[in-house]
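Residue numbers (our numbering): -19 to 457.
Glycine included, every Cβ here is placed at the ideal spot set by N, Cα and C.
To keep things clear, I will list the structure first and then write my remarks on it.
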Amino acid sequence: MKCRRKVLALATGLALTLTGLATSGPAAHATGTGTGTGTVRQLAAAWAPHTAYATGAVVTYNGVDYVCLQAHTSLPGWEPSAVPALWKPTSGGDPDPGAPGVPGTVSTSVTNSSITLRWGASGGTVSGYRVYEGSTRRAEVSGTSATISGLGACTTHAYTVKAYNAAGESAGRDATATTSGCTPNDPSKMPGAPYLYMGWGNPPNPGAVMDATGIKSFTMAFILSSGGCTPAWDGQRPLTGGADQQAINTVKSKGGSVQISFGGWSGNKLGPNCSSPQAFAGAVQQVINAVGPAVVDFDIENTDEFENYTVQDRILNGLKIVKQNNPNIKIVVTFGTNPSGPNSHGVRLINQARALGVPIDNFTIMPFDFGSSNIYQDTVNASEGLKNALKNAYGWSDAQAYAHMGISGMNGVSDQQELTTPGTWTQIRDWARSKGLTRLAYWSVNRDRPCPGGGVTSNCSGIAQTEWEFTRTTAGF
């Protein structure tokens, strides 16, 4: 991804303003029944560095109680009094000290047009419960369940349940569910898999993201050369035994899968360093053997690979060997585009893959950083241009071309100040799904956090949104 070397400012994310972006959705109605019981609230624990804190956690620091506004792992210098983006004093904050406790774990059941949520009762004095979708209140009930109706079939919704009384609202308890009525999965379709980068950008725990969003797959980035034709994570971290393997093990332990991305915009890449297609395929095989991915993604960019036809051909011929040795692993090539479709280098890559007989499962374009003022329309136009290039090269029908296509976007503010909002990304996902595209990704999960006005950073989107909002949308692909 082009942006991964340009957004290195980690501390910028601490300046985020935690305001929610109202989520649009179909009209919905709510009913609710149930009862709750009170419990005694526990004293707050002392704040400590190197500790994982969940949203709504309460700590004490220098004699003052604080409530956690955003899940994070604390570091020295991130004391509650010093980081108002992460902590808020309970004496003047929300939740108020007199507000109820956090609702218990939420369970869901679904029909084609409704989602029912049930949760454990909050401690303290409770007047009732409110169910939010983004900043929109979907239900207000006196008991511990609510049904949101009037929903579309096979649509994914993220809700937050809060208890309230005269003193204010509690911290929220999140849940995500998808209505029934989905058509059977196309066996060639890959699950939505946003990019996750463990090198910087305050990488989140993928298991926590899976629990919060329903996402089942991640594209792990990036494999580069650690010297010659030897692969390593970011050219530095070992294939096994480090943070990348730990993240992958977590995803797989929860029933998920991973795609592994090679290359990117910059860095010391395998394509130029491996001397032959056989050597390149051997390096890729080392990664496959170490990680066991479902998909290998070759992010072919810049003058050293995308515009260097000798290296292009080396990679393409290497991929033939990779597919011969791993017929059940899908092969993806990802590259940049113009607003109207692939440029001359992209068209050459497609035509050469056809001429060489390379069994590529999916051609994914990156429709951003091309001066767009309307990301949705330019993404559609660029995708249609890709479709036409594939039809010209392979003689496919529209449906066959779409089935070999993917989109990889950039959430929030791009390097060129283009804007992709959660609503825009939902439009893009729905268009891709309606046309039968088989891959959807974006850069990156690390940035799927709010920081309105924060610009282009590695650990948040630069816009107002709810945490993991783009990932929830991608899970619905």
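Can you give me the start and stop residues for the alpha helix (DSSP H) that P186 sits inside? 186 to 193
Mind checking S352: buried by the 16 CB within 10 Å criterion, or exposed? buried
Would the stretch 121 to 137 count as touching the stretch 39 to 57 if we require 3 or more Cβ pairs under 8 angstroms? no
Could you have a look at F286 and say whether DSSP puts it in helix, strand or coil? The answer is helix: DSSP assigns F286 an H, G or I state.
Between R334 and Q226, what straight-line distance do the alpha-carbon atoms span, to the nearest angstrom? Going by the C-alpha atoms only, they are around 37 angstroms apart.
Please go through the same chain and pick out, in chain order, the residues whose beta-carbon is closer than 6 angstroms to the beta-carbon of K371, but skip the five residues on each side of it. A381
Nearest to T404 (by Cα), restricted to the options P80, T418, P347: P347
Can you check the stretch 360 to 429 for any alpha helix (DSSP H) of at least 4 residues that lies completely inside it and give the ranges in chain order? DSSP runs (the alpha helix (DSSP H)) wholly in the stretch 360 to 429: 378 to 382, 402 to 415.
Would you list the one or two residues that DSSP bridges to A143? Y109
Output yes or no for whether 9 angstroms exceeds the beta carbon distance between F350 and R409. no
Tell me the DSSP bridge mates of F343? DSSP output for F343 lists V313, M385 as bridge partner(s).
Using only the alpha-carbon positions, how far apart do Y374 and Q357 sit? 26 angstroms
Check this for me: beta carbons of M178 and R217, under 9 angstroms apart or not? Cβ atoms of M178 and R217: closer than 9 angstroms.
For a test of the three-state rule: what should DSSP assign to L336, helix, strand or coil? helix
Does the distance from the CB of T230 to the CB of G187 come in under 9 angstroms? Yes, the pair counts as a contact, with Cβ atoms nearer than the cut-off.
Flag this pair as touching only if the stretch 322 to 329 and the stretch 284 to 302 have three or more C-beta atom pairs under 8 angstroms; answer yes or no. Contact between the stretch 322 to 329 and the stretch 284 to 302 is present, because at least three Cβ pairs lie under 8 angstroms.
Beta-carbon contacts of W213 that lie in its chain and below 6 angstroms, excluding the five residues immediately before and after: Cβ neighbours of W213 beyond the five flanking positions: D224.
Alpha carbon to alpha carbon, what distance is there between T135 and A455? 10 angstroms
Residues near V90 in its chain [Cβ-Cβ closer than 6 angstroms; skip 5 each side]: Sequence-distant Cβ neighbours of V90 in its own chain, meaning closer than 6 angstroms and more than five residues away, are A157, T159, S160.
Tell me the rounded alpha-carbon separation between T453 and N185. 18 angstroms
Looking only at its own chain, which residues have a Cβ that is under 7 angstroms from the Cβ of N391, when we skip the five neighbours before and after it? T400, W405, Y422, R427, D428, S441, F450
Does the stretch 166 to 175 come close enough to the stretch 93 to 100 that 3 or more CB-CB pairs lie under 8 angstroms? no
Could you tell me the distance, in whole angstroms, from the CA atom of W27 to the CA atom of T40? 6 angstroms
What distance in whole Å lies between the Cβ atoms of I309 and A274, which are believed to be in contact at a cut-off of 8 angstroms? 7 angstroms
I'd like the list of long-range same chain contacts for A259, defined as Cβ closer than 7 angstroms, with 5 residues on each side in sequence excluded. C209
Three-state secondary structure (DSSP) of S94: coil
Could you check the C-alpha separation between F242 and G433 for me, to the nearest Å? 32 angstroms
Determine the burial state of K234: buried for a count of at least 16 other Cβ atoms within 10 Å of its Cβ, exposed for fewer. exposed
By how many angstroms is the C-alpha of N361 removed from the C-alpha of V276? 26 angstroms
Can you give me the C-alpha to C-alpha distance between T70 and G36, rounded to a whole angstrom? 11 angstroms
Where do the ends of the alpha helix (DSSP H) carrying L250 lie? 250 to 253
Please classify K232: does DSSP put it in a helix, a strand, or coil? K232 sits in a helix when the DSSP states are folded into three classes.
Using C-beta distances below 6 angstroms, list every residue in its chain close to V302, excluding the 5 sequence neighbours before and after it, in chain order. Excluding residues up to 5 positions away in sequence, A261, V264 lie with their Cβ nearer than 6 angstroms to the Cβ of V302 in the same chain.
Would you say A62 and A34 are within 9 angstroms of each other, going by their C-beta atoms? no
Would you report the Cα separation of E364 and V338, rounded to the nearest angstrom? 22 angstroms
For S246, which option in V106, E281, V44 has the closest C-alpha, if you only look at C-alpha atoms? E281
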